[in-house]
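Just so you know, the sequence shown maps onto residues 0 to 459 in numbering that gives the first Met the number 0. Every residue gets a Cβ at the ideal spot worked out from N, C-alpha and C, and that includes glycine. Predicted model only: the values in this text are computed from it and were never measured. This report refers to the structure that appears directly beneath it.
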Amino acid sequence: MNRRHASGRCALPPLLRYPTVDELGARAAALVARRPRDARLRRVGTSRAGTPMWLLSVGHGSRQALVVAGPHANEPVGGATVLRLAERALADPRYTEGADATWNLLLSLDPDGLRRNEGWLSGPYTLGRYFRNFFRPGFHEQPEWLPDGAAAAALPETRTLLELQDELRPFLQCSLHGVDVGGGFVELTDDLPGLARRVAHTAARLGIPRELGSYDTLYWPGLGPAVYRIPPPRPGDLAAAITEAAVESTWYHPHRYGTVTAIVEAPMWGVAAVEDDSPPADRAAVLRTVSHTLRRDAQLLQRLLGRLRPHVAGAPDAARLLAPVDDYLLVCPGLADTWDPDIADGARPLPPLNTAHLAALRIAGRRLALRTAGLLHQLVTASGRDPAGVLPDLDRLVGEWCADYRDGCGARWIPVARQVEYQSRVVLHAFELAERYAPACSRSGESGWGSGAAVPMHLE
């Protein structure tokens, strides 16, 4: 269907780069101003730093779909994707009237974190620029996690999402994530038969590698190539939560309403090896290299942190940057031991591994080291001085490790428009499969739906 004819007016210009927090709000307001009878914007919460959290809703149906962008601060593709989904829903009535559905699109779950990534959002998109400007909060400050259960949720962003889930009781919830280096995959709380085939077709058409052995899902059951079943939550410590994610979260909170949750991962830099499901030539040798490399890199970073920490204690931004550094360095030794074939672990043995699994583990180990180095680099550069003399070492490490991603792993940039098209198509596939089984309790939580003017949130 031609979008110009379907909507009656031209669509917004396509996004060729990641939108900032302010641009997300301004573009959403423009959509509502263009189609005020079919789209509505409302403020549903406020972040820790006082940033408004906006929900863009399209359609008038009784069955609710909830799409959450930006759950992780360094994964901005979801913001562009929700704008693309709004355009698609406005242009094609099959996704609204035809499905008796309303699309509820949360523009950003962590707008403060997204703002802290603006040093690289507009490009140029290089691995070095990304990691030197990367920010992601410590695990306890990530709004999808419920370490003490929903009733004890402390973050205002988390409470906003929980309230939306309880209000809307959606038949489908999609959380939009981004893989910095690797491939695309989907995680589901319930099976959606046929999704793996559709994901494969979409990925092939757009040239997106699929992760057939994702590190995140190493111990999870598969529902098809690059589609995995999220295990029910269980108690666990921080290390288990970071490495396995089988903990209580906002992914499972609406399960009581019959909600199917899909975590849709789209890669920024693609690596072909993550979809190689052939048997590895020498599994033990690769695991030994990956584990020894992670252990060595973590020890090196721990020494640099030890030199730096006394000089930054009490600095205005130090606590925010050091929290994720401490998290990453906490889990590195245990992961290295788990992956090391010379260290037997009868409690948590590795599952059978193909070449894709080994590629994903190599990428994951390098990711932990690079994120840590990037955050430490920011800690020094933000202060404007380097009393510990660590900046040359950090610059060298970031450069060497990014080169390993590029030359050793074959990481190649995927244009933003293609990332967005892939992620939006996967969400639409999940919607089409899930809406056949939408529960009766899914409902609209809004009253007074009408044709009022858009809220000018970019001026607030």
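C-beta contact flag for residue i and residue j at 8 Å
i, j, result
"Leu334", "Leu374", "no"
"Thr19", "Leu120", "yes"
"Leu300", "Thr371", "yes"
"Trp400", "Arg365", "yes"
"Gly182", "Val270", "yes"
"Gln422", "Leu175", "yes"
"Pro142", "Asp109", "yes"
"Ile413", "Pro224", "no"
"Val66", "Leu30", "no"
"Pro279", "Asn353", "yes"
"Ala355", "Gly212", "yes"
"Asp275", "Ala359", "no"
"Leu171", "Ala64", "yes"
"Glu247", "Gly137", "no"
"Ala90", "Glu434", "no"
"Ala150", "Trp268", "no"
"Leu82", "Arg26", "yes"
"Val324", "Phe130", "no"
"Gly112", "Arg135", "yes"
"Ala283", "Pro340", "yes"
Exposure of residue i, with buried meaning 16 or more beta-carbon neighbours within 10 Å
i, result
"Gly451", "At Gly451 the pLDDT is 35, less than 50, meaning the model places this residue with poor confidence and gives no usable figure here."
"Pro455", "Residue confidence for Pro455 is low, a pLDDT of 35 falling below 50, so the modelled location carries little weight; the figure read from the coordinates is stated next. Exposed, by the Cβ-count rule."
"Ala272", "buried"
"Ser61", "exposed"
"His376", "buried"
"Asp281", "exposed"
"Gly447", "Residue placement at Gly447 is flagged as unreliable, the pLDDT there being 41, under the threshold of 50; the coordinate-derived value follows with that caveat. Burial call: exposed."
"Arg3", "Only weak support exists for where Arg3 lies, its pLDDT of 40 falling under 50; the value from the coordinates is given anyway. Per the 10 Å Cβ criterion, exposed."
"Ile342", "exposed"
"Ala48", "exposed"
"Leu378", "buried"
"Arg204", "exposed"
"Tyr218", "exposed"
"His428", "buried"
"Ser107", "buried"
"Ala542", "An answer regarding residue 542 cannot be provided, because it is not within the stretch 0 to 459 covered by the chain."
Cβ separation of residue i and residue j, assumed to be a contact under 8 Å, to the nearest whole Å
i, j, result
"Ser56", "Thr101", "6 Å"
"Val263", "Val426", "6 Å"
"Pro253", "Pro169", "6 Å"
"Ala68", "Gly78", "5 Å"
"Ala152", "Leu161", "6 Å"
"Pro332", "Ala381", "Not confirmed; about 28 Å, so no contact."
"Val415", "Leu14", "7 Å"
Discussion item. Under 8 Å, with one C-beta from each stretch per pair, do the segment 41-50 and the segment 74-90 reach the 3-pair mark?
Written reply: no
Discussion item. Contact between the segment 299-309 and the segment 323-333 is defined here as three or more beta-carbon pairs at a separation below 8 Å; is this criterion met?
Written reply: yes
Worksheet entry | Complete alpha helix (DSSP H) runs within the segment 356-423 (minimum length 4 residues, chain order) | 390-402
Discussion item. Which complete beta strand (DSSP E) runs does the segment 102-188 hold, if anything under 3 residues is left out?
Written reply: 171-181, 184-187
Worksheet item: Does the segment 382-398 come within contact of the segment 346-354, defined as at least 3 CB pairs closer than 8 Å?
Response: no
Item to complete: Please determine if the segment 212-228 and the segment 185-197 are in contact, where contact requires at least 3 C-beta pairs separated by less than 8 Å.
Response: yes
Item to complete: Any chance you could list the alpha helix (DSSP H) runs of at least 4 consecutive residues sitting entirely within the segment 224-302, in chain order?
Response: 237-243
Discussion item. Suppose only complete runs of 4+ residues qualify. What are the alpha helix (DSSP H) ranges in the segment 35-104, listed by chain order?
Written reply: 76-90
Practice prompt. Taking only runs that begin and end inside the segment 300-334, name each unbroken beta strand (DSSP E) of 3 or more residues, in chain order.
Written response: none
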